[in-house]
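Worksheet: the structure to be examined is printed underneath.
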Amino acid sequence: MLATKNVAFGLFFLKATMLLFLLQSCSQIDLDPTSFTEGLSQASVEDVTTYSSSEMTVMDHNYELVYLGSMLNGQQIINNGIFAPLTGYPKLPITVSTSIAGTLSKEIPVPRLSTFRQAVQDILRESSTAGTEVSSFLFFQRPFFDYNEIKKEFGYEVNTRSLFSTSNTSVINRLTVIEKTYDIVMGFELINFTIDMSLPRANELIALNSAEKLIAETTTPVYISSISYGQKGILAIESDYTTEETNKAFEKVTRKIFKKTTESLTEREIHIINNSTIQVYLVGGSNSGSVTRVEGYDSFINYIKDLGTFSAENPGFPISFRCRHLPDYSFFKFEY
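Convert by adding 15 to the 1-based position in the sequence shown; the result is the number in my numbering.
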C-alpha cells in the first residue's frame with residue numbers, strides 16, 4: 016500500500032516538475048501573437064479555389080495587345096495572367112464584323128492595333144444606328160471573404176489582394192483585412208457593341224506552315240477573336256448593413272447612372288452608401304486602370320460616370336475579349 020502511494024506521489028511530482036519547466040520555457044520565449052496569426056494567414060492563403068474563364072478583362076498591361084487577330088501564348092495566360100504576344104510570322108488578312116444592326120463586314124489587310132482601330136471607326140462611320148442603343152447592361156453581386164476571390168471578375172490570374180490593398184506593405188501572401196461586417200463584390204458591365212472576327216479561311220490570319228511552326232514551338236497558341244466595347248466596373252464594398260440592403264442601394268444608384276432611371280434613393284439607402292467602404296476598379300473612361308477608394312454617395316456618382324453615346328470618332332473603350340485556339344479555332348476556356 017505504501018509502495019502504491021509512493022508511486023502515485025512520484026508521478027504527481029514528475030508531472031508538476033514538467034509543467035513548471037514548460038511554464039518557465041514559455042516565459043523566456045517572445046511569443047508574439049502575430050506570429051500565430053501570420054502562420055494562420057500563410058496557411059489560409061493557399062488558394063484552393065479554381066475559377067473557369069473564357070472572357071478576359073482589358074487592363075493596362077494587355078491594352079495594346081487587344082485587337083482582333085492578335086496572337087498570344089495561351090499557356091502563360093493560364094499559368095500567371097501574362098499576355099505574351101507571338102511574333103515572327105507573316106500576318107495575313109482577317110474579316111471582322113460588329114453586333115450593330117445594319118453594319119457590313121470589313122477586311123483588315125494586316126491585323127495590328129492601328130489598322131484594327133481604323134477598321135472600327137470605318138464600320139461605325141458607315142452605320143446609321145451606331146451610338147443610338149446599348150447592346151446589354153449587366154449588374155451582379157456576390158459575397159466574398161478574402162480579396163483574392165475578386166480575381167474571378169477579371170477572368171485570369173490577377174493579384175487582387177495587392178490591387179485592392181489600402182496598405183503600402185506587401186500583401187501578396189497575406190489575407191487582406193476586412194474591417195466591416197458584410198463584404199460584397201459587385202460589378203456592372205455596359206456593352207455598347209462587340210466586334211468579332213470571322214473564322215479564318217485559307218490564306219487568312221496566318222499561313223499553314225507558319226501556324227504549324229507556332230503550334231510546334233508554343234504551348235497553347237491562341238488569337239483574339241471577339242472584343243466588347245463599353246464600360247465595366249468592379250466594386251469591393253464593405254458594409255455594416257445587411258447584404259440585401261447594401262445590394263439594393265448600390266444597384267439602384269448604378270441603374271440611375273447608366274439606365275437613366277427616375278427612381279429616387281431613400282435617406283437610408285444614401286446613408287448606407289455614405290457609411291460603406293467602397294473601392295472601385297473601372298475599365299473604360301478617364302478614371303480607369305487603378306483601384307480608387309470612393310467616399311460617400313456624392314463622390315460615388317461623380318466618379319462613376321456614364322461616358323454617353325459612342326460614335327466613329329469616340330467608339331468607347333475595349334473592356335473584355337475572348338480568344339480561340341489556333342489549331343482548331345475552338346474557344347479558349349481555361350481554369351486558374
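We put the beta carbon where it would ideally sit given N, CA and C, even for glycine. Everything numeric in this text was worked out from a predicted model, so none of it was measured.
Asked	Found
Between V295 and G331, which are expected to be in contact by the criterion C-beta below 8 Å, what is the C-beta distance as a whole number of angstroms?	Contact flag wrong, Cβ pair sits at about 19 Å.
What are the boundary residues of the beta strand (DSSP E) that H340 is part of?	F332 to H340
Excluding the 5 residues flanking Y171 on each side, which residues of the same chain have their C-beta closer than 7 Å to its C-beta?	S68, M71, I92, G96 and Y351
Are F349 and R337 close, meaning C-beta to C-beta below 8 Å?	no
Return the residue from the list N289, K121 and T65 that minimises the CA-CA distance to M212.	K121
Name, in chain order, the residues that DSSP records as bridge partners for F2.	Because the chain here runs from 16 to 351, residue 2 falls outside it and cannot be looked at.
Distance check for F325 and I138, CA to CA, integer angstroms please.	13 Å
With 16 as the cutoff for other CB atoms within 10 Å, does G103 come out buried or exposed?	exposed
Do I109 and G84 count as a contact pair if the criterion is CB distance below 8 Å?	yes
To the nearest angstrom, how far is the alpha carbon of T235 from that of P100?	12 Å
Can you give the Cα-Cα distance for Y66 and V173, rounded to whole angstroms?	12 Å
Exposed or buried, V73, counting other C-beta atoms within 10 Å across all chains shown (16 or more means buried)?	buried
So is Y238 in contact with chain D if we call contact Cβ pairs under 8 Å?	In the structure shown, chain D does not exist; there is a single protein chain.
State yes or no: is the C-beta of D255 within less than 8 Å of the C-beta of K167?	no
What are the start and end residues of the alpha helix (DSSP H) that includes K263?	T258 to F273
Can the beta-carbon of V200 be found closer than 8 Å to that of I165?	yes
Distance check for L250 and T64, CA to CA, integer angstroms please.	21 Å
Could you name the residues of the same chain whose beta carbon sits closer than 8 Å to that of I230, not counting the 5 residues immediately before and after it, in chain order?	P236, L341 and P342
Would you kindly report the start and end of the unbroken alpha helix (DSSP H) that includes R140?	L128 to R140
Measuring CB to CB, does G300 end up less than 8 Å from K274?	no
When the Cα atoms are used, what is the spatial distance from I221 to G323?	38 Å
Quick check on this structure: which residue in S279, E260, T276 and Y82 has the alpha carbon closest to the alpha carbon of I287?	E260
Is A217 buried or exposed, if buried means 16 or more other CB atoms sit within 10 Å of its CB?	exposed
Just to confirm before moving on: does the CB-CB distance between T269 and F179 stay below 8 Å?	no
Output yes or no for whether 8 Å exceeds the beta carbon distance between V81 and I239.	yes
May I ask which residues mark the beginning and end of the alpha helix (DSSP H) holding E232?	L223 to E232
To the nearest angstrom, report how far apart I123 and F131 are at their CA atoms.	7 Å
Once you ignore the five residues that flank P126 on each side, which residues in its own chain have a CB closer than 8 Å to its CB?	Y82, L83, G84, S85, K106, P108, I109 and L220
Identify which residue in T281, S142, N329 and T118 has its Cα closest to the Cα of Y244.	N329
Take the Cβ of T281 as the centre, count every other Cβ of all protein chains shown within 10 Å, and call the residue buried at 16 or more, exposed below.	exposed
Would you list the residues sitting across from T209 in a DSSP beta bridge?	S243
Taking all protein chains shown into account, do 16 or more other C-beta atoms lie within 10 angstroms of the C-beta of Y373, making it buried, or fewer, making it exposed?	Because the chain is modelled from 16 through 351, residue 373 falls outside the range shown and cannot be assessed.
For E122, which beta-bridge partners are listed by DSSP?	T110
State the Cα-Cα distance for the pair L205 and Q90, rounded to the nearest angstrom.	29 Å
Where DSSP assigns a beta bridge to L87, which residues make up the other side?	P100 and V237
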